[in-house]
Each structure stands twice: as C-alpha cells, then as structure tokens.
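Heads up, the thing below is written out as structure tokens.
Chains as they are written, first to last, in our numbering: chain A, 3 to 420; chain B, 3 to 420.
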C-alpha cells in the first residue's frame, strides 16, 4: 500500500524566537498517525511572506497533505490569509457562515461589542472550502491544488484540535485509502538504553521489515515502541501482539508498564484495581506529584490530596516532623521523609503515601548535601521504604525525575504488597 | 548590517508521531536570538536517511548556520553520525577525548561496566571539530562546508543546552559579527487581541521599520513584544525604551506586568518586595499553582506550602470547611473557597492565601455546575475577594487558566493593599 505523506507547517515569529513551545505539531502528528497518515516533515517559519510562500512550494513537492497552523489572528502580523488567497489564485470574500459565527461568539460567548477588525475574521479566499470554527472567530480553510490538499487552521490549540477532530480527520479518511498503523509501547526502568539495545539486539534484527522498534529514553527510563504498518488490521494486530509478547518476555526484569501510559496513569490504574487511596507529602517537588496525578480525569477515585510542606515550619506544624530531627539530620534526610509519611498518613487518612524532600538547585546545595540529593519514601501504616537519589540536572529536570521515580517506587511497593 | 540566518533541524521519528514535544527548538531559538542570530526555519524529520540528507541540502541553501539535534543515541534507529560522516566526506574514527569521557561517565558517574556499543559513542567523522559532552556520552560535532556551519548535538535537552552554552554560542559570536537584537515585553489581562490591536493601531503604524510589534495571546491574556534590530546596543536600547514607555502608557489600564515574566514570577517578585508570605489551598488545580510557584528557584523566600484538598473529606478535616456548607451549596461555591482561605491561613500561617475549587472536566459537570465552573478566592486575615469563572476548554487548559487567573487576582489584591 502506498503511504500517504503529510507535512505540517507552523507559522509565527513566536516559534522562531522561542517564546512559545510548539505543542500543536505533536498533537497533530499523533492524530494523523493514528488515522494512518505518515507525517514526513514538520516545518516552522516566521510571519514573513516569502518564507511562507516558499514553504508551501517546498512541502507541495514532498507531501500529498499539507497542514498549516497559525497566522490567522486579527492583527497586522498575521499575513497568512491574504497570502493563501493569492497562492491559490482567489480573492477574499465574506463567508456567511463564518460571519454568523463571529457575531454569535461576540454576542453570546464574549458578551461584548464587535469592531471592524473582528468582522475581517469572516473573510476567506473564494477558492477554499470553509471549515467553521466552533471555538473561536478564525475559520479554517481547505484548498486543493494539483492533487494536493492544503488545510489552514488557527494556531490556538483548542480551536485547531476541534477542527481536526470534527472535520479534517474524517474528511481525510474519506479522501484516501489509508493504511493501518499500529503501535504498542512498554516502559522500562533501571536499565540504560545501550544495555537494553544489546540485550534485545537479536529480537530487533529478526523483526519483519514492516514492524519497527524505537527507543525513547526519558527521565532515566526507556520506552520501547513497536510500530506496524499494513493493510489488514486484524492480521496486523495479531502479528504485532506476537512480537510485543516476545519483547515483554525479553525485558520483563525491567518492565514497569506494558502499555503506553505515563507512570502516574499506571499508578492510578493500579490503585483503582486495588481499590486503595493515595496521598502525597511534598517538599522539593512543591506539588508537582499532586499535579501529575490530578492531571488525569477520574483521579478523585484514588487520589485524596497533598500536604505541600515547602517550608520547615509546615513540616513541623502540619506533618509533625520532630524539630530535633530537622536540627540534627536536616530536612533532607531519611528520617525526615519517614516522619513525613507518618504525619501525612495521619492527617490525610489514605492507604498509601509518598513523601519527598531534596535540594533541586541551582541554589541551596552544600558539600554534604549537594544539589540533586533527594530522599523519597513510600509506604502505608505498616511499612515504609526509603530511597536516596543523586540527580545531576537542572531544577526542572530534578523535579521531574524525583516525581517519576517516586511514582515508580510506589508502583513497586503496591505490587510487592499484593 | 547583514542578518545571520540559522536553521534548526531536529531528527527523530518520535517527533513525527507526536510521542515527544519538541522543547529543544524553542530553547535554542531563544538563545540564538539573544546572541543576534536570526532563526529562519525549524524543520523536523524522521530517522530516515534520505529525509535527513535532503534536509541538510535544503537548509544549506537557506541559512549560514545549521543546528542539528537528535539521532546520536547508541541504538540502531540512530543513523545521523554515519550520515554526517558521508555527507561531509569523512570517515568515522575514535576520538580520544570522547573516549575518555565515555569511560569517565561509566566508571565515575553511572558506576557500571561498559559494553562495545557504548565505546561506539566515542566515534566521530574525521572531518569535524569535536564538541565534548560533559553531561552524557554522545559528543557534539562542528562541520564547515562552503562557508556554512553545521553543528550536530544530542537530543537530550540538558546535554544539548550544556554544549550550546559552553561552546556553540561563544564560538558563533567569534565567527560572525552579529547584530544586536533587543526585546521588551509586557503582559495585558482583560482585553481581547483585536481590541488591543485597534487601541494601539496608530502606535504600531508609526513604529520605525527596525522595531516590530508582536501579539502573543495565551491563557486569555495577551503578551505584547517589541523587537528592535540594530548595530549600536546603547542607542538601540534608548530608542526601544522610548517606544516601550509609549506602549505601556497606552495599555496601562490592562497591563499586568511590564516585563517578560510569567504571572508566578511577577507574584514572587511582588511578595519579596513586600516581604510577605503565600500559601495555597487547592482543590481543582490539584497542586498546579504550588508547582508553578515552586518551579522558580528562591520560592522558599515567600512560598510556604499548600493544602491540596482534592477530596471533600480533606476540605473538612484539614481546612475545616463546614460539612453543612458542602451539603447545601456544594464544594464548588463561593462559600467553600472563602472557608478554605480561613482554614488554610490558620494551618499554614502565611500572610496571603489563594483557594480554588471547580470542575475541570471532562466529567463531573451538571446543568447547574457545568464543566469549567471555578471559584477562586484570594485574601489575607482581614479581607477575602472571590471571583467566579466559566472556562470552556479541556481539562489541561481549564487547570492552567484557573492557575493563571488566581495568580493575577492575588497580584491585584496585593497591589491594591499597599
């Protein structure tokens, strides 16, 4: 089967000076991939006429589908709409549907008067199919030229996501006979990428050409992904599952999760299965573990809350960590995190507890307790396990690594319990 | 002065199936921009020989500097190093410095034995200048060809950042006479992008051609950025400041911050100035506000901690929200967030407090209390202010909007206090 290739073009100076991180492209790539469209390239260009024009020409040469986001705002630095009109040989006209939508948003949603600039948002080139925007004022545009499809959408993430889901992906599925692309993923912890690669080398070499293995190292763990491409979904699924089982068996010693889940999702799944509750007592992670857990819808079924004891006063007054402990061995110590577990279990009344205390940097380190030193405790009323870590990264990464490792310790603790 | 243009090429299938969000490019663009290098394009390609080769050829045509990240791992899907060797007409040899580094990392840092695959990491094309990697095993490579500079670095963020800061940026500054690029930024809240654009239209039109205005809407707020390009830093600074003052004056009614700071950084700055402390009581944001505040180094000077009362039991048992209140008006109500403020001020003993309770979705909404309904309270022992919000987005965005608006409410509360 012939692969259908797509290019993603993102437009905006903010992407080229690094003021904004491009999360749109990742989301679009994920969804296109699931639909069976192969994303070949992603290109970001600034709000510069020639740059955008050239990017359209170049990606036209490379892909059948060209998705464009950004540059559709009502301000002067947004030049994409007139450019597209000229590129496809059209002229700008007011689209009645888009106009009604702009009026509706101002009258009913924003509840404020419109100005001329807002009405301009309803203008589209007369050579496109309009994609109505249910979440904002800028309409999307669908162009066809020389057998290529060009789709222009706003850069506002939830507006773009709405258009993709409601219109673009279903239409692409109608237009093309797309292959089936299937992924299976597992997460390993406690083994380096190169060792893993050595360990499963024979497996990788023996894979058929339409099934590929990828290594995705992150936060000191390595995710392994198998990707299969084919025509028949049923047989492909069976084939992929066969190889995935073989892989799981090979890495079982280090396997944390046999699914494409984050560590916090895996912990949540486990807690639901066991019908148990969790709380956290966080010093150095400052609420980040609580945030990761509550970012998942349905977290209230197992996650009760956190005492973020960023200051030592709160460690003492709320968690009842002994003043003497902090004076003698310090807030970053095995003894402190153990006492945090006890205190937090008492106050939050959950089945399991995570407690962390450490030095995230860049300041606050000493020769005895350098930046990156972290104590993590996990436990319940009967038992507490403590582990000491020495991370060597920047503040953000130290926080992320502490959180992921703490969740992995809890996962192991719960699994060992049963 | 001639602009020096750069292209950034990121390599890796994970970027094209959306498994990883590209944060490297944004950071690199930011740093290059500060140095005076204009980032013209960013391109992402997969681990495919022809795609990488073509991207090198194409960006060679467009930019003087081509920065490449990714594809340098020790596993079979990383093909960048042999490709670069062939592209620049070299052959792979072991670099003694890189070899010593790999050995050092395994012996002293990781404290585990090496395998052949790790030694491979020390191989580099004999036509490059090696950039030693102090944070990992894969060396960077600097190539020059036809007056173009190609720099290949690992995709691991902290390794790439280290190489950029220690070597790449200083070397680029030596090689090129770079223009001065200056930015000033302010943040507005409470006014839409199109209204703002209308309001400052005359100002924008009157700007000299080497000073540009950009609108960066995010989280319901609009950031305005002035960018000036020139040769003489001193005169450019004065000129930019003049226009920035004019802009500040025009938007003073909506201006939240006259600096390129996040809302949490602005709140931190204000608290330090007033020598006051802050705590949070979070339900629906689940620790996200605490995380935003503690992501800043030095937060312990003003931020004491949080009670993440995700469950109603904890709202009652720890924050002493009245059981009757929750039964009659519910946990998502003005009365509840008010009581959360009082309870949390008592237990955390801070000067100021933020409390939030809402329904983040996708589940949990009712006709009376739909998804997106949030109550935010900010206050101190004397006074509490409550605001009701109706956000209409997905879970993640609702959490982010709640956090940013809560911090902005606190900022206004503190400023009104003085």
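Cβ atoms here follow ideal geometry from the backbone N, Cα and C, with glycine treated the same way.
- Counting other Cβ atoms within 10 Å of its Cβ, residue 114 (chain A) stays below 16 and is therefore classed as exposed.
- In the three-state scheme derived from DSSP, where H, G and I count as helix and E and B as strand, residue 284 (chain B) is classed as strand.
- Counting only Cβ-Cβ distances below 8 Å, residue 52 (chain A) has no contacts in chain B at all, with the closest Cβ about 11 Å away.
- Closer than 9 Å to the CB of residue 137 (chain A) there is at least one CB belonging to chain B.
- Annotated three-state conformation of residue 206 (chain A) is helix, per DSSP.
- Interface annotation, residue 165 (chain A): not in contact with chain B, CB-CB separation never under 9 Å.
- Less than 9 Å divides the Cβ of residue 126 (chain A) from the Cβ of residue 94 (chain A).
- For residue 77 (chain A) against residue 199 (chain B), the beta-carbon gap comes to about 4 Å, under 8 Å, which counts as contact.
- Within the region 41-73 of chain B, those residues whose Cβ lies closer than 9 Å to any Cβ of chain A are, in chain order, 41, 42, 43, 44, 45, 46, 47, 48, 49, 50, 53, 56, 57, 60, 64.
- In the structure shown, the three-state DSSP call for residue 136 (chain A) is coil.
- By the CB criterion at 9 Å, residue 82 (chain B) and residue 10 (chain B) fall outside the cutoff.
- Annotation: the continuous alpha helix (DSSP H) that includes residue 32 (chain B) extends over 26-37.
- Per the DSSP secondary-structure output, residue 45 (chain B) pairs in a beta bridge with A:45, B:11.
- DSSP, reduced to helix, strand and coil, places residue 87 (chain A) within a helical segment of the structure shown.
- The three-state secondary structure of residue 197 (chain A), taken from DSSP, is helix.
- Near chain A, meaning a CB-to-CB distance below 9 Å, the residues of the region 298-312 of chain B are 298, 299, 300, 301, 302, 305, 306, 307, 308, 309, 310, 311, 312.
- Residue pairing of residue 131 (chain B) in beta bridges, as defined by DSSP: B:144.
- When rounded, the separation of the alpha-carbon atoms in residue 171 (chain B) and residue 212 (chain B) is 24 Å.
- Sixteen is the threshold: when 16 or more other Cβ atoms of the shown chains lie within 10 Å of the Cβ of residue 284 (chain A), as they do, the residue is buried.
- Residue contact with chain B for residue 293 (chain A): present (Cβ-Cβ distance below 9 Å to some residue of chain B).
- The Cβ of residue 178 (chain B) sits no closer than 9 Å to any Cβ of chain A.
- Residue-level contact check: residue 296 (chain B) touches chain A, since one or more beta carbons of chain A fall below 9 Å from its beta carbon.
- Two segments are said to touch when three or more pairs of C-beta atoms, one from each, lie closer than 8 Å; by this definition the region 97-109 of chain A does not touch the region 176-193 of chain B.
- Those residues of the region 195-208 of chain A placed with their C-beta closer than 9 Å to a C-beta in chain B are 195, 196, 197, 198, 199, 200, 203, 206, 207, ordered along the chain.
- Think of a sphere of 8 Å around the beta carbon of residue 76 (chain B): the chain A residues whose beta carbon falls inside it are 195, 196, 199, in chain order.
- The Cβ neighbour count for residue 38 (chain A), taken over all protein chains shown within 10 Å, is at least 16; the residue is labelled buried.
- Excluding its 5 nearest sequence neighbours in each direction, residue 45 (chain A) has C-beta neighbours in its own chain below 6 Å: 11, 57, listed in chain order.
- As the crow flies, the alpha-carbon of residue 359 (chain A) is around 5 Å from that of residue 377 (chain A).
- Residue 323 (chain A) carries a coil assignment under DSSP once its states are collapsed to helix, strand and coil.
- Residue 49 (chain A) and residue 13 (chain A) do touch by the CB rule: their CB atoms are close to 7 Å apart, below 8 Å.
- For residue 110 (chain A), there is no enclosing alpha helix (DSSP H), as DSSP gives it neither H nor E.
- Taking 9 Å as the cut-off, the Cβ atoms of residue 362 (chain A) and residue 299 (chain B) count as close.
- Assigned with DSSP and collapsed to three states, residue 165 (chain A) falls in helix.
- A Cβ-Cβ contact shorter than 9 Å links residue 41 (chain B) with residue 19 (chain A).
- Contact with chain A is absent for residue 170 (chain B), since none of that chain's Cβ atoms lies less than 9 Å from the residue's Cβ.
- Pairing residue 193 (chain A) with residue 414 (chain A), the inter-Cα distance amounts to about 16 Å.
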